[in-house]
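Undergrad:
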């Protein structure tokens with residue numbers, strides 16, 4: 076990962092700032108794990124070619140420049156294995172939302188939890204936010220586990236919050252305050 080601007084999380088994990096040239100790597104990662112990722116992520120089925128990912132990256136990088144987003148690629152043992160971002164960053168209300176996904180070959184290793192904790196530190200210390208919100212499908216045990224292990228509080232369940240894969244999904248809404256981190 077020495078060719079990219081990165082932030083060390085642990086000896087084996089780092090967060091890498093994406094570039095437009097990252098689109099092919101991200102798309103190939105998604106494409107190689109569609110079944111796993113599509114279970115809880117609605118954008119997977121509309122990401123059908125590298126250009127779709129490039130367009131998404133352009134949007135996120137614009138958001139980064141405008142201060143409404145922070146996006147990172149998750150690297151584990153020098154391989155990109157997922158993405159994590161802060162979005163809906165609102166400096167007026169001092170809050171943001173966090174989201175992430177990880178390839179099935181890298182799950183259950185604590186990678187996402189470590190990365191979330193690192194990005195929470197950035198949110199609270201560097202961005203001076205007071206609250207970060209995390210939304211997780213009620214059936215996504217992994218994401219719900221990440222929220223709990225990172226110290227988030229379950230605020231409630233938003234019923235029929237999203238519609239994809241031909242049905243409504245309930246979402247657990249978690250948050251963590253700067254004073255709780």
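Residue numbers (the working numbering): 76 to 256. Here a beta-carbon is modelled for each residue, glycine too, at the ideal position from N, C-alpha and C.
1. Which of helix, strand or coil does DSSP assign to residue 97?
2. What residue does the alpha helix (DSSP H) around residue 243 start on, and which one ends it?
3. Alpha carbon to alpha carbon, how far is residue 253 from residue 204?
4. Would you tell me roughly how many angstroms separate the C-alpha atoms of residue 248 and residue 173, rounded to the nearest one?
5. CB-CB under 8 Å to residue 255, same chain, minus the five flanking residues each way: which ones, in chain order?
6. Give me the Cα-Cα distance between residue 148 and residue 176, rounded to the nearest whole angstrom.
7. What span of residues does the alpha helix (DSSP H) with residue 197 cover, start to end?
8. Just checking, does the segment 184-200 make contact with the segment 123-141 on the three C-beta pairs under 8 Å criterion?
9. Quick check for students: name the residue ranges of the alpha helix (DSSP H) that lie wholly in the segment 201-237, counting only runs of 4 or more.
10. When the Cα of residue 110 is compared with those of 87, 234, 180 and 243, which residue comes out closest?
11. For the 8 Å Cβ check, are there 3 or more pairs between the segment 80-95 and the segment 137-152?
12. So, for residue 234: in the same chain, excluding its five sequence neighbours on each side, which residues have a beta-carbon less than 7 Å away from its beta-carbon?
13. Compute the Euclidean distance between the alpha carbons of residue 224 and residue 192, then round it to the nearest angstrom.
TA: Taking the geometry as given:
1. helix
2. Unbroken run through residue 243 is the beta strand (DSSP E), 242-252; no alpha helix (DSSP H).
3. 7 Å
4. 11 Å
5. 226 and 228
6. 10 Å
7. Careful: residue 197 lies outside any alpha helix (DSSP H) and carries neither H nor E.
8. no
9. 216-224
10. 180
11. yes
12. 245
13. 9 Å
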